[in-house]
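J.:
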Amino acid sequence: MTEHFDVLILGAGPAGLAAAETLAHAGRTVGLVDEQADPGGQIGRLAIRRQPGRVFQRTLRRLQANDRITYFRGQRVVDCDPCPALMIESGLGSARLTGGSLILAPGARELVLPFPGWTLPGVLGAAGLQALAKSGWPVRGRRVVLAGSGPLLLASARTLKQEGAHLLAIVEQASRREIVRFLAELPAWPAKAMQTLTFARALARTPYTTDAWIAEALGEERLEAVRIVRHGQSRVVPCDFLGTSLGLIPNVEAAARLSCALNGDLHPSVCVNAYQETSRPGIYAAGEITGIGGVEQARLEGAIAGYALAGDLQRARALAPRRAYWARFGACVSRHFAIRDPLRRLAGPETILCRCEDVTLGEIDAAAGCGSLKLLTRLAMGPCQGRICLAALAEVRPGYGTVTPSGTTRPPLFPARLETLAGQASEEPSS
1 MTEHFDVLIL
11 GAGPAGLAAA
21 ETLAHAGRTV
31 GLVDEQADPG
41 GQIGRLAIRR
51 QPGRVFQRTL
61 RRLQANDRIT
71 YFRGQRVVDC
81 DPCPALMIES
91 GLGSARLTGG
101 SLILAPGARE
111 LVLPFPGWTL
121 PGVLGAAGLQ
131 ALAKSGWPVR
141 GRRVVLAGSG
151 PLLLASARTL
161 KQEGAHLLAI
171 VEQASRREIV
181 RFLAELPAWP
191 AKAMQTLTFA
201 RALARTPYTT
211 DAWIAEALGE
221 ERLEAVRIVR
231 HGQSRVVPCD
241 FLGTSLGLIP
251 NVEAAARLSC
261 ALNGDLHPSV
271 CVNAYQETSR
281 PGIYAAGEIT
291 GIGGVEQARL
301 EGAIAGYALA
311 GDLQRARALA
321 PRRAYWARFG
331 ACVSRHFAIR
341 DPLRRLAGPE
351 TILCRCEDVT
361 LGEIDAAAGC
371 GSLKLLTRLA
381 MGPCQGRICL
391 AALAEVRPGY
401 GTVTPSGTTR
411 PPLFPARLET
421 LAGQASEEPS
431 S
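Position 8 of the sequence shown, counted from 1, bears residue number 8 in UniProt numbering, the numbering being contiguous throughout.
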């Protein structure tokens, strides 16, 4: 089955939603695709579940009521091509969507670096643990430690505390000096300052440690305790769950598949012009895929892309100062919560780095010396397609050249059924 729209949008987070509503208001037909059942990205889905009637619940109703927007919920994008077209798949089947233009707004994912014991059951990403708790996963009364870096730790901590978890500690790797500098700059963004104050009040009785990190997760069959290191001293804290996160990195796989230009960062983002257009004409990018900046920047970039595709360049330009304002906030967070070198050295030769294929760092080091990482180890060839292990390896071994160059990503972007891939092949134009 093939359906055509004026504009295709990949991702129903803040950027994708802003673009969809802007385009629909301008009379364009929109095909909006997201792999989650609810719109709004992680922040939006959590708001829908806990705060009915608030902004994202109203957005959901608007999506359902707008006949110019076709919302493909719970659909994974298996492949894409610059026509533009998306091959999507769900439990009910697959379809091919085509459009006059494409907006990429797939958001971001957590960055987690390996350390001894990080594969034990009970060790999760902090945002992942937060989402599970919001979805009803039992955390009430369970002992939880959160570790990593950045304001997202506070958001996760507040959620877990609201859900009844016994929050033992928040372990922040940034130094106290950097935290103080960050707080000194924060008044430039009053909304974020107020949010941080709200978090601080909610977590006033929770131990918050700076200059520290998890050196090891301990346990036999599952997590039993963590070893926290600070200033060369260590202590063991018994716990049931560990949530760890070192911030977010952009989801650029679809953009790389489409040969959109990426910047040269360790975790690359998509290069765009003032109207959010990529290096490929007719393909736009908005939100965290262009650089981690938060929900406010994502909404603005989505609206800019929408106005640009609707031909209203004046309104698109009018939003540029606000976009720059929120981009400065993203840069502020990145500057003060930069990953410190000791965290890159926690993994030893026996530490598993590729969880999908059980590949250790020692095996990767040996294969790198032969120049055949994937061939000899199956690194990044499992279900996650390298989303976790390659990002971690880029930090732990930056000299191994693990960043996939744009244009070399191969389909499928996610594991897919053979019938979906066969259907895609039959619909591709012959050369």
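A virtual CB, placed ideally from N, CA and C, is assigned to each residue, including glycine.
Just so you know, these numbers come straight off a predicted model, no measurement behind them.
#1: Excluding the 5 residues flanking proline 398 on each side, which residues of the same chain have their C-beta closer than 8 Å to its C-beta?
#2: Whole angstroms is fine: what's the gap from leucine 418's alpha carbon to arginine 410's?
#3: Quick check on DSSP: helix, strand or coil for tryptophan 213?
#4: Name the residue from Leu376, Cys356, Gln162 and Gly362 whose alpha carbon lies nearest to the alpha carbon of proline 415.
#5: Can you give, in chain order, each stretch of the alpha helix (DSSP H) that sits fully within the segment 213 to 287 and has at least 4 residues?
#6: Classify methionine 87 as helix, strand or coil using the three-state DSSP reduction.
#7: State buried or exposed for glycine 53, treating a residue as buried only when at least 16 other CB atoms are found within 10 Å of its CB.
#8: Kindly indicate if chain C contains any beta-carbon less than 7 Å away from that of glutamine 173.
#9: What did DSSP end up calling alanine 95 once you bin it into helix, strand or coil?
#10: List the whole-angstrom C-beta distance separating residue 461 from glycine 287, where the pair is believed to meet the contact cut-off of C-beta under 8 Å.
#11: Taking the straight line between their C-alpha atoms, what separation do you get for glycine 291 and proline 250?
#12: I need the straight-line Cα distance from proline 116 to methionine 381, nearest angstrom please.
#13: Rank Leu154, Ile352, Ala18 and Thr198 by C-alpha distance to the C-alpha of alanine 392 and give the top, closest one.
#14: For alanine 174, which residues of its own chain have a beta-carbon under 7 Å away from its beta-carbon, when the five flanking residues on both sides are left out?
#15: Provide the residue span of the beta strand (DSSP E) that contains threonine 2, from first to last.
#16: If we require 4 or more residues per run, which alpha helix (DSSP H) segments fall completely within the segment 276 to 341?
#17: For the segment 369 to 415, which segments carrying the alpha helix (DSSP H) assignment without a break, of at least 4 residues, lie completely within its bounds, in sequence order?
#18: Across which residues does DSSP place aspartate 79 in a beta bridge pair?
#19: Threonine 70 lies in the beta strand (DSSP E); which residues open and close that run?
#20: Would you be able to state if there are at least three C-beta pairs under 8 Å between the segment 111 to 130 and the segment 88 to 99?
#21: Please list the segments of the alpha helix (DSSP H) lying wholly inside the segment 157 to 216, counting only runs of 4 or more residues, in order along the chain.
#22: Three-state secondary structure (DSSP) at glycine 16?
#23: Decide if glutamate 172 is buried, meaning its Cβ has at least 16 other Cβ atoms within 10 Å, or exposed.
#24: In whole angstroms, what is the alpha-carbon distance linking arginine 73 and proline 39?
#25: Leaving aside the five residues before and after glycine 164 along the sequence, list all residues of the same chain whose C-beta is less than 7 Å from its C-beta, in chain order.
#26: In the DSSP assignment, what residue or residues form a beta bridge with glutamate 110?
#27: Taking the C-alpha atoms as reference points, what is the distance between arginine 176 and threonine 278?
#28: Considering only their Cβ atoms, is the gap separating alanine 19 from alanine 320 smaller than 7 Å?
#29: Less than 7 Å between C-beta atoms, sequence neighbours within five positions excluded: which residues of the same chain meet that for arginine 340?
#30: Are proline 342 and glycine 362 closer than 7 Å when you measure CB to CB?
#31: Are leucine 104 and alanine 255 closer than 7 Å when you measure CB to CB?
T.: Put simply:
#1: Hits under 8 Å: Leu266.
#2: 15 Å
#3: strand
#4: Cys356
#5: 253 to 257
#6: If DSSP states are grouped into helix, strand and coil, methionine 87 belongs with the strands.
#7: Confidence in glycine 53 is poor, its pLDDT being 43 and thus under 50, which makes the residue's placement unreliable; the coordinate value appears in the next sentence. Answer is exposed; the Cβ neighbour count stays below 16.
#8: The structure shown contains no chain C; it is built from a single protein chain.
#9: Here alanine 95 sits in strand by DSSP.
#10: Look at the range of the chain in this structure, 1 to 431, and you will see that residue 461 is not part of it.
#11: The alpha-carbon atoms of glycine 291 and proline 250 are separated by roughly 7 Å.
#12: 22 Å
#13: Ile352
#14: Ser149, Thr210, His336 and Phe337
#15: It spans 2 to 10 - the beta strand (DSSP E) in which threonine 2 sits, taken as one unbroken run.
#16: 295 to 309, 313 to 318 and 320 to 336
#17: 373 to 377 and 389 to 396
#18: Met87
#19: 69 to 73
#20: no
#21: List check, alpha helix (DSSP H) in window: 176 to 185 and 190 to 202.
#22: helix
#23: Classified as buried, glutamate 172 has 16 or more neighbouring CB atoms from the shown chains inside 10 Å of its CB.
#24: 8 Å
#25: Val139, Arg140 and Gly141
#26: Leu248
#27: 39 Å
#28: no
#29: Gln173
#30: Cβ distance not < 7 Å, so proline 342 and glycine 362 don't count as in contact.
#31: yes
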